[in-house]
Amino acid sequence: MTEKDRILIAGGGIGGLAAALGLAQKGLPSLVLEKAAELGEIGAGIQLGPNAFHAFDALGVGDAARGMAVYIDNLRLMDALTGDRITHIPLDAGFRARFGNPYAVVHRGDLHGVLLKACRDHPLIDLRTQAAVSRYDQDSSAVIVALADETRVTGRALIGADGLWSRVRAQLVGDGAPLVSGHTTYRSVIPVAEMPEGLRWNDATLWAGPKCHIVHYPLSGGKLFNLVVTCHNDAPDPVAGKPVRHAEVRRGFEHIHPRAQQIIDKGSDWKLWVLCDRDPVMGWTEGRVALLGDAAHPMLQYFAQGACMALEDAVCLADELDGAEDVAAALIRYQERRRLRTARVQLQSREIGTHVYHPSGAHAALRNAVMAARGAEEWFDQVAWLYGSTGLEGAVSTETRGA
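Numbering (my numbering), first residue to last: 3 to 405.
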């Protein structure tokens with residue numbers, strides 16, 4: 003094979019590695035270009051719906067992914083003002099039977115490690131670090147990528163999987179900086195022995211309050227609890243991974259129930275992120291270049307679907323490029339199959355933040371009444387359009403329940 007046979011992938015995160023694995027499953031070689039000196043992931047826990055596991059199976063890492071996951075019992079919704087449970091969605095055998103795969107939580111680094119090992123073990127995948135993609139040119143037969151050190155790399159196509167601040171997107175779409183949500187997220191982990199004994203649930207738990215919320219769930223085989231607390235404090239500028247003092251974290255949660263406050267008091271070594279996303283766009287391809295994951299459709303955390311959508315993208319991309327002689331046409335088909343589904347998740351992530359995570363007063367009372375009235379099967383119906391997908395279907399489900 004020549005250099006022009008391989009597909010270039012900008013970014014060695016979860017989306018980029020998944021894309022490489024998906025292509026390798028179809029016999030297509032790739033070169034992953036990662037700007038960092040080492041391949042790895044920052045952050046702690048992420049949630050994975052059944053659609054993520056559908057994608058893992060298609061990428062050939064299903065068993066490995068299931069082996070390192072932590073399986074929780076419920077999605078639990080608590081009222082952060084009263085300390086009362088509003089509702090829960092069981093993730094038991096009935097849930098797995100309905101959607102064909104489990105719901106789980108994982109450490110982001112563990113998930114990245116599974117994908118990285120599979121990539122390193124595959125002869126069709128090359129990984130290159132300290133290789134920041136700056137720009138690209140293309141002609142009728144190839145894409146030529148310029149790296150930050152002015153090295154040129156040639157390939158059959160370029161997939162921009164380089165995240166929220168994607169350089170590939172900047173050239174392809176040119177829509178400027180991401181949108182700042184004004185929501186500040188603080189992350190920590192708590193040893194299980196330090197978690198209040200009455201709150202050591204094997205659940206993904208959300209405490210929803212006025213302009214704030216708390217999420218916690220077990221990680222690392224139940225040895226730790228991942229803790230994510232978010233305040234809608236109108237933060238004006240994007241920030242990522244900045245260390246912050248406990249007193250600053252506590253400031254946005256003085257109004258909630260003591261039962262919820264005590265969870266925050268167990269946190270330490272806090273880091274801060276200001277959440278950003280972008281509006282959906284109609285196009286993220288240009289000839290032999292396409293975007294994937296956060297580079298294509300960055301979203302707020304409220305649907306817990308950012309990584310899941312990137313994994314689905316990878317499966318769909320590989321499916322379209324499999325045997326394709328016309329690369330540009332294949333990338334357009336990939337975009338068309340993914341565009342409306344990912345736009346739906348982007349926009350509903352914002353709405354969930356408004357109507358489930360952060361309402362107050364009558365708005366919150368309505369949330370409580372509506373959500374408490376639903377039984378398990380009704381909840382399953384609401385999420386069937388999302389969790390039932392393999393990433394290979396068309397742009398949007400024909401099922402309208404949960405719209």
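Built from N, CA and C at the ideal position, the CB exists for glycine as well.
Note to self: Considering only DSSP beta bridges, list what residue 275 is partnered with.
What the structure shows: Locating residue 275 in the sequence shown gives position 273, counting from the first residue. Beta-bridge pairing links residue 275 to 187 and 242.
Next item on the list: Would you kindly report the start and end of the unbroken alpha helix (DSSP H) that includes residue 374?
Entry: Here residue 374 refers to the residue found at position 372 of the sequence shown. For residue 374, the enclosing alpha helix (DSSP H) starts and ends at 363–374.
Margin query: Please identify the residue among 214, 299, 295 and 118 whose C-alpha is closest to the C-alpha of residue 421.
Written below: In this structure the chain extends from 3 to 405, so residue 421 is not present and cannot be described.
Next item on the list: Please name the residue, chosen from 95, 330, 362 and 191, that lies closest to residue 75 on a Cα-to-Cα basis.
Entry: Counting from one through the sequence shown, the residue named residue 75 turns up at place 73. Here the closest residue by C-alpha is 95.
Check: Helix or strand or just coil, what does DSSP make of residue 301?
Finding: To locate residue 301, count along the sequence shown from 1; it is residue 299. Coil at residue 301, not helix or strand.
Check: How many angstroms separate the CA atom of residue 231 from the CA atom of residue 22?
Finding: For this step, residue 231 is matched to residue 229 along the sequence shown. For this step, residue 22 is matched to residue 20 along the sequence shown. Near 33 Å, if we compare the C-alpha coordinates of residue 22 and residue 231.
Notebook entry, point to check: Between residue 235 and the rest of its own chain, which residues show a CB-CB distance below 8 Å, the 5 nearest in sequence each way excluded?
Noted result: By 1-based counting over the sequence shown, the position of residue 235 is 233. For residue 235, where only same-chain residues beyond five positions count, the Cβ hits under 8 Å are 184, 185, 186, 213 and 254.
Margin query: Suppose you measure from the CA of residue 211 to the CA of residue 25; what does that come to, to the nearest Å?
Written below: Position 209 of the sequence shown, counted from the start, is the residue given in the question as residue 211. Position 23 of the sequence shown, counted from the start, is the residue given in the question as residue 25. One alpha carbon belongs to residue 211, the other to residue 25, and they sit about 43 Å apart.
Note to self: Taking the beta carbon of residue 114 as the centre, do at least 16 other beta carbons fall within 10 Å, making it buried, or is it exposed?
What the structure shows: Taking the first residue of the sequence shown as position 1, residue 114 is located at position 112. Buried, by the Cβ-count rule.
Margin query: Quick check on residue 164: buried or exposed, where buried means 16 or more other Cβ atoms within 10 Å of its Cβ?
Written below: The count along the sequence shown starts at 1 and reaches residue 164 at position 162. It is buried - the Cβ of residue 164 has at least 16 other Cβ atoms within 10 Å.
Next item on the list: Determine the direct distance from the alpha carbon of residue 321 to that of residue 312, and round the result to whole angstroms.
Entry: One-based indexing of the sequence shown puts residue 312 at position 310. One-based indexing of the sequence shown puts residue 321 at position 319. Approximately 14 Å between the Cα atoms of the pair.
Next item on the list: Check whether the region 170–185 touches the region 24–38, counting contact only when three or more Cβ pairs, one atom from each stretch, lie closer than 8 Å.
Entry: With a cut-off of 8 Å on Cβ pairs, the region 170–185 is not in contact with the region 24–38, counting fewer than three such pairs.
Next item on the list: Compute the distance between the beta-carbons of residue 14 and residue 41, then report whether it is under 7 Å.
Entry: Looking up residue 14 in the sequence shown gives position 12. Looking up residue 41 in the sequence shown gives position 39. Their beta carbons are under 7 Å apart, which means residue 14 touches residue 41 by this criterion.
Next item on the list: Mark residue 43 as exposed unless 16 or more other C-beta atoms lie within 10 angstroms of its C-beta, in which case mark it buried.
Entry: Against the sequence shown, residue 43 aligns to sequence position 41. Classification for residue 43: buried.
Check: Taking DSSP as the reference, what is the three-state secondary structure of residue 97?
Finding: For this step, residue 97 is matched to residue 95 along the sequence shown. In this structure, residue 97 counts as helix in the three-state DSSP scheme.
Next item on the list: Please state whether DSSP places residue 74 in a helix, a strand or coil.
Entry: On the sequence shown, position 72 is the one that residue 74 refers to. Coil at residue 74, not helix or strand.
Notebook entry, point to check: Near residue 90, what residues of its chain come up, given a Cβ to Cβ distance below 8 Å and the 5 sequence neighbours on each side ignored?
Noted result: Locating residue 90 in the sequence shown gives position 88, counting from the first residue. Within the same chain, residue 90 has close Cβ partners 76, 77, 78, 79 and 205.
Notebook entry, point to check: Since residue 157 is in the beta strand (DSSP E), which residue starts that stretch and which ends it?
Noted result: The sequence position of residue 157 within the sequence shown is 155, counting from 1. Here the beta strand (DSSP E) through residue 157 covers 154–157.
Next item on the list: Output yes or no for whether 7 Å exceeds the beta carbon distance between residue 9 and residue 18.
Entry: Looking up residue 9 in the sequence shown gives position 7. Looking up residue 18 in the sequence shown gives position 16. No. Outside cutoff.
Next item on the list: Please state whether DSSP places residue 86 in a helix, a strand or coil.
Entry: The residue you call residue 86 lines up with position 84 of the sequence shown. DSSP places residue 86 in coil when its eight states are reduced to three.
Next item on the list: Please go through the same chain and pick out, in chain order, the residues whose beta-carbon is closer than 6 Å to the beta-carbon of residue 324, but skip the five residues on each side of it.
Entry: Start at 1 with the first residue of the sequence shown, and residue 324 comes out as number 322. Here the set comprises 28.
Checklist line | Beta-carbon proximity of residue 359 to residue 53, cut-off 7 Å | finding: Working through the sequence shown from its first residue, we reach residue 359 at position 357. Working through the sequence shown from its first residue, we reach residue 53 at position 51. Cβ atoms of residue 359 and residue 53: not closer than 7 Å.
Item checked: For residue 131, the three-state DSSP class (helix, strand or coil) -> By one-based count along the sequence shown, residue 131 stands at place 129. In the structure shown, residue 131 sits in coil (DSSP, three-state: anything other than H, G, I, E or B).
Checklist line | For residue 144 and residue 158, believed in contact at Cβ under 8 Å, the rounded distance | finding: By 1-based counting over the sequence shown, the position of residue 158 is 156. By 1-based counting over the sequence shown, the position of residue 144 is 142. Sure, about 7 Å apart at Cβ, within 8 Å.
Next item on the list: Could you check what DSSP says for residue 137 in three-state terms: helix, strand or coil?
Entry: Walking along the sequence shown from the start, residue 137 turns up at place 135. Of the three classes helix, strand and coil, the one that applies to residue 137 here is strand, per DSSP.
Notebook entry, point to check: Using 8 Å as the threshold, is the region 267–275 in touch with the region 286–299, meaning 3 or more CB pairs across them?
Noted result: no
Margin query: I need the straight-line Cα distance from residue 397 to residue 233, nearest angstrom please.
Written below: As a first step, residue 397 must be located in the sequence shown, where it is residue number 395. As a first step, residue 233 must be located in the sequence shown, where it is residue number 231. Bear in mind that a pLDDT of 40 at residue 397, under 50, signals an unreliable position, so the number given afterwards is only what the model happens to contain. So the two alpha carbons sit approximately 33 Å from each other.
Check: Is the beta carbon of residue 317 less than 7 Å from the beta carbon of residue 57?
Finding: To locate residue 317, count along the sequence shown from 1; it is residue 315. To locate residue 57, count along the sequence shown from 1; it is residue 55. A contact, by the Cβ cut-off of 7 Å.
Item checked: Under the three-state DSSP convention, the category residue 307 falls into -> Reading the sequence shown from its first residue, position 305 is the one you call residue 307. Correct three-state label for residue 307: coil.
Item checked: residue 229 versus residue 261 - alpha carbon distance -> Within the sequence shown, residue 229 is the residue found at index 227, counting from 1. Within the sequence shown, residue 261 is the residue found at index 259, counting from 1. Their Cα atoms are separated by approximately 15 Å.
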